[in-house]
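As numbered in full-length UniProt numbering, residues 1 to 1218 make up the sequence shown, in order.
Glycine included, each C-beta is placed from N, C-alpha and C at the ideal position.
Only a predicted model underlies this, so the values are computations on that prediction, with no experimental measurement involved.
Written out below as structure tokens is the structure these notes cover.
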Amino acid sequence: MPIVTATVAAAAQSDIGKAIKDRIDRFSEGMPVLMNALDELKAVHPFIGVVVLAFKTVYTLEQKRRDNDKKIVSLYVGMKDMMGALLLYNDEVIALDGTNIEDRLKSLIERTADDIKACSNVCDAYMKKRLLAKVLLSSLWDMKLLDFVELFATRRREFEFELTMHTSKGIDKANIELGAIRMELKEQMNVMKAVFEQLASPEQKLLLDLVNAKGGVTVLRNNDKVLLDLEKTASKASSSPNVEGHHTHQANPGDADLEFCNLREDILEDPNAAAEKNWGVFSRKFEAQKNQIIDELTLVVQRESDRVVRELKGKAHERIRDRSIHEFWVEMGWRGNVKARHFVLALRDYHLEKLTSEANGVLGMGMSVINNSTNPDAWAIKYIDVMWVQPILEAFDDDASGFITVAEVNRFTSSRPVDWSLPHWLAFWTVGFKWSIIDYARKIEDLFAKMEGVRSVVLPPNREAVDEYFGYVWDGVHTLTAAVLSQSSLQSSGPDDFKRFKSYLEAEEVRLGNNLKAVDYVIDEIDTLPLIAGVGRIEKTVFPLLYLLMKRHYEIMRIMRTKILSMRELQEGVQGILYIQGAISYRVKDLINNFSQQRLDPEKQFESFAFGIFKYYHNRNALWTVDYVRRLSSPIISYNDDNEDKDVKPGDVLNHGYKDELSLDYSVYDGHSADFIPNCGDVDPPMKDILGSWNGYFYDLKGVRWKAHSMMTFVLVPGEAERDFKADIWSLNGRQTITGSWSMGEDDVMQIKFKFKLSLSSTLWAPMFFNGRFDPEHDALTGVWGRSAKLESSMGIMELRRIPSRYLTVYPSIKELRDNKLLALWKFAIAAVRNDIRREHWTWSYFSERRDDRKTVVSLLVRSRWFGSPLNAEETGTLLEITRRLIPSDACFYDSMVDRIRAFTCVHDDADCDSCDGRIGGPRLFCLDCAIRSTEPLDLCCAPQCVGARVTREDLEVAHEPSHRLVKFRINVLSRNHGRAYTAACDAFERVGETRRKIAESTSHSDEETGPDEQRTSGFGPTSAEIPAKNDKPDDVEVEDKTSQDARRQVQDSSLPTCGKCKGRLSFPFWYCIICEDNLYICDGCDAEGVPDLMRSSGKHTEDHHLIRCLEPEKRDDKDEGFPSEQRLTSMEGRLDGMQTQLDDLTGRVGDLTGRMGDLTGRVGDLTGRMGDLNGRVENLTGRMGDLTGHIGNLNARIGNIEQLLHRLVGATEARAA
């Protein structure tokens, strides 16, 4: 190894190596000259335009990257050299042999354009990879990138060769040169391999040392813990933006595993697969950038016809394009740059003098000149003033350095609308821009209000996506809009001035909208933003960009009212907004550095910079205080379809498919899932031999069934290519379609390979690879499976058989067959026959077991995947046991049941039960009293043991008590409405306090009237299901007394509220709606049944309405307070006397019970007679047992036959082995 390392280092330090590294460092030098030369060549020979445009497109995309990798730059160096070879072409269109240069080069040109696009896609996929992925698979990525280095070098030689052949040089001389070129190319590639190893960044080298210390890539593939630790280390070292860090959404119980599986997939993803997956997104970006380049070329021609642009080599001022600025720049004697404040004042003086000279000095001075002038730009010149210095210098000074350069002047003046004057353009950035961002901030907040309004009417399966959208997006966007809306409203210009800016704002919306359409509204990385928004400060376009994105997201939510959409629709939208927030964070960091270098206080600067839009991004704590959140009362605009665009169609908005309804997966019972073999008459062996239905399990390397997975069914059908196949798969992880391939290996053994992912609802597990062979003798597909296609990294064995799934559930595992094949097969035969008999005879035990398995699996899967208390060891064992005996069709159907339950259940973000630690699904209880003492909410599920639990937590100084005030949420409480819900709940507790006291007093009076015994019997449900005896007669006197008591109580309680649903009397605990304005009370029994369908005077009561739990007020003996001790003793003696009286009453009632015991003795006699009847039934059962004995005899005979068959099978096996 040291010798190899020394050789590599020597190659990298050779003259060629040094030259390559030098050219990488100086890549950008000469690019403008090369581009101009290629444009001139294209004008003469249009057929090369396709490759020139491709080169310009990918170069422009690469220039927009914030971070550049030197390995990627090396590819563009090769691309640059290749394109430079075209400049060797002279004007000879027709060669000496009569051939046309276009005929000779056109095909090569077109292939090269495709190569350039493919290379840029690979570079794009590589740059998106996290640091650990680049390090772990560095050898594979280097090979992929070096292929393009070699390809471009080859293309360059091909261009040179073709041009040589086209000129006067002979074929022999060209062939001699071609041979020398091949030797040079081989040597150059060897050096490039060495250079690539040295181009790794310091972070990559450090991480590579850690990887090697942990055992290398092979070890890490199967060590999840070490891989996760390395990723954490890499994330700290990497400077790339981490979109995942911006969200506030909490994952599901299984999301940690799922996210890690996605992380593993991203890290270990093959470069070819990564490039293929990235192709769709990249192609959209490529086409968008290409169209922008074409449009810019057209725009330049139009501007040159409108105003003369003169750019000369010489002094700095000679490069200024705008006439007016050039004029006073020269007068002031400035050079390459000037202080921003001096520039603005000079600009104002220049235009004032111009107005005065136009009026021959008769208009006066200062504002009088502006107000009395007839110049069409006079209205705008008034904004070029000292009070507007800050926005004007920001408009010019992109880097906030405090100085304005010639390049910044040219960039500013050339970006103005063609029909606008310079004063008009300056006026926009002084007042028009502020007006626009305030207007957009209000529109964005209105969109949030409308989104929350439509959220209440989207289909239940879509609500999770909407809630997730708010959880990720709202706080970051509101941090921007709150900063803008906290500024004073625009009062400095009149309505007429507003209209002067609308044309530009509308044109900007169209431009941004077209760019977003070009990439299907998908922002896949932070470097895509310049492609959409254009090069320049993010603050210039962030508000219209957010508005257009959110406007589309609102249309997606509208479609969610009638269609069930993919989660990816809004997730892609969330991703784009998070990348915008990442760009803002970058901008804020750059500004902090610039302000610090100028010795300015960043805190004060952000108050005014760009009208203060970044002040809360710089200091979030200034906005996000507990008081602010609790005071926040964000509006909701109820959805009204009459006010919306009726022409929006799903196909015009959606990037992914949709469903009309979420149905259970009944297709697994379609009749040909188990034994289906496709009728493919045009398919020949051996391909035909593997088509059809296969069933199998995952096994570990010892041959034991993998606990985590159920049996799987594969149905193979022919694929597109000759040796490709497709397969439908279903199991407890749902269903999917995969592709695979086969080939003939050694000894004509058919090799099978495919890759698939085990899905869980909308999330995918890490990819699985199968690498095996077809065994025609045993009619089986056998091989290994793992998370990599490499055999040495396999995790276990996989075996697929034609055996029907109901038999395979009891078929012995690979290990059992190895240990004792005869015994294993014997057990299998017994179990298979027993199951067949139970199934064919429709026995109750067969159906009851299926029913119990279904209920148990669905219940436990919901808790393990989505919500509910965590599974204990016993429940986990039960789930695994049932999973192993499920057939794939049942398993897939149960999976669809679990998904449906999840889709129609609200699972609360950031809400685990603080009592049982389970994820809360369904109603959530939030403690108001604990919220006062901690910023972290205390949440409970509705399980009785959790509601009545005393909960302690480290951040709570005082434990949560069952008597605390609880609020019930049946939907996710969005961050923007937490304050409104909190305030409304507190106010509701105040309103209901008097009602609680009256109900408590009424209940107390009722208890005193009914007496202790009646209290016990009336306060609970029936204690016995016993049927009254025939001689039990109603006591008319008691009935009459009770009726009169109820009548008196009804009169007494007429002022008290009743349950809004059952109209019954309220008892503690009961619930009170904090939203309904007409005081809706619901008893505990009705609330437990779900949301009552009630139409109130204030509107319909829905699940969006939150409830508070009303408990009996704590009893206080206010009458005793302040009494002398003797009076208290007297009072206590009186109470004891009352208790003695009650005890005497109880003694009398015990006597009554003794009498009733006599009646029970008579009933026992009746039961004795009924026992005689039961004896007769037992005799009938005895006869049926005899019949069953006969059936068992038949069963034994069948088992005997199977035993003989197995003996023959064993004998044949031993003979063959001998």
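Once the 5 residues before and after residue i are set aside, which same chain residues still bring their CB inside 7 angstroms of it?
i, result
"Y579", "V243, I523, E525, I526, L529"
"residue 1225", "Since the first and last residues shown for the chain are 1 and 1218, residue 1225 lies out of range."
"S813", "Y699, G703, V704, R705"
"S633", "G979, R980"
"Q598", "G402"
Excluding five sequence neighbours on each side, which residues of the same chain lie with their C-beta closer than 8 angstroms to the C-beta of residue i?
i, result
"L207", "L131, L132, V135, L230, T233, A234, A237"
"G576", "Y521, V522, I523, L549"
Just to confirm the assignment, what range does the alpha helix (DSSP H) spanning residue i have?
i, result
"F543", "542-559"
"M897", "888-903"
"T481", "460-485"
"C946", "944-947"
"W329", "323-332"
"G216", "216-220"
Skipping 5 residues on each side, what residues in its chain have a beta carbon closer than 6 angstroms to that of residue i?
i, result
"S1125", "Unreliable positioning characterises S1125 in this predicted model, as indicated by a pLDDT of 45, which lies under 50. A coordinate reading is not provided."
"L925", "L940, L966, K968"
"L38", "V52"
"I592", "P602"
"D728", "V715, T737"
"I1075", "H1105"
If you follow the beta strand (DSSP E) that residue i is in, where does it begin and where does it stop?
i, result
"K339", "337-339"
"Y1081", "1081-1083"
"M744", "734-744"
"residue 1264", "Since the first residue shown for the chain is 1 and the last is 1218, residue 1264 is missing from the structure and cannot be characterised."
"L206", "Looking at the DSSP string, L206 is not in any beta strand (DSSP E); the run it does join, the alpha helix (DSSP H), is 202-213."
Run the CB neighbour count on residue i, radius 10 Å, all protein chains shown included, and call it buried at 16 or more, exposed below.
i, result
"E160", "buried"
"W429", "buried"
"Y521", "buried"
"A1025", "Per-residue confidence for A1025 stands at a pLDDT of 36, beneath the threshold of 50, marking its modelled position as unreliable; the derived number appears in the next sentence. Exposed is the call here."
"H656", "exposed"
"T713", "buried"
"I293", "exposed"
"N977", "buried"
"P417", "exposed"
"I847", "The residue asked about is misnamed: residue 847 is Phe in this sequence, not Ile. Exposed, by the Cβ-count rule."
"Y669", "exposed"
"R631", "exposed"
"F867", "buried"
"W844", "exposed"
"A622", "exposed"
"E311", "Because the pLDDT at E311 is just 47, under 50, the model does not fix this residue reliably, and the point stays unresolved."
Among the options, whose alpha-carbon lies nearest the alpha-carbon of residue i?
i, options, result
"W400", "R416, L297, L600, I437", "The displayed chain sequence assigns Ala, not Trp, to residue 400. Considering only alpha carbons, the answer is L600."
"E990", "C1110, K42, S743, E1089", "C1110"
"L871", "T905, D852, C916", "C916"
"G513", "S503, A533, Y504", "A533"
"I637", "D890, R66, L422, R455", "R455"
"R851", "A891, G573, G740, D377", "A891"
"L879", "L88, T952, R854", "R854"
"S503", "L546, L938, W420, F343", "W420"
"E1001", "P1113, R155, N972", "P1113"
"R919", "R865, A340, D209", "R865"
Can you determine whether any heavy atom of the ligand ADP sits closer than 7 angstroms to the C-beta of residue i, and answer yes or no?
i, result
"D1087", "Absent from the structure shown: the ligand ADP. Ligands present: none."
Exercise for the section: Output the residue ranges of the alpha helix (DSSP H) runs that lie fully inside the stretch 651-724 and measure 4 residues or longer, sorted by chain position. Expected result: 687-690
Practice task
Can you check the stretch 754-833 for any alpha helix (DSSP H) of at least 4 residues that lies completely inside it and give the ranges in chain order?
Solution key: 805-808, 814-819
Practice task
Entirely within the stretch 518-543 and at least 3 residues each: give me those beta strand (DSSP E) ranges in chain order.
Solution key: none
Handout entry: Contained alpha helix (DSSP H) runs [length at least 4] in the stretch 608-653, N- to C-terminal order
Key = 615-618, 626-631, 650-653
Handout entry: Every unbroken beta strand (DSSP E) inside the stretch 370-449 [3 residues or more]
Key = 403-405
Practice task
List in chain order: all unbroken alpha helix (DSSP H) runs of 4+ residues lying wholly within the stretch 25-99.
Solution key: 31-44, 49-63, 70-85
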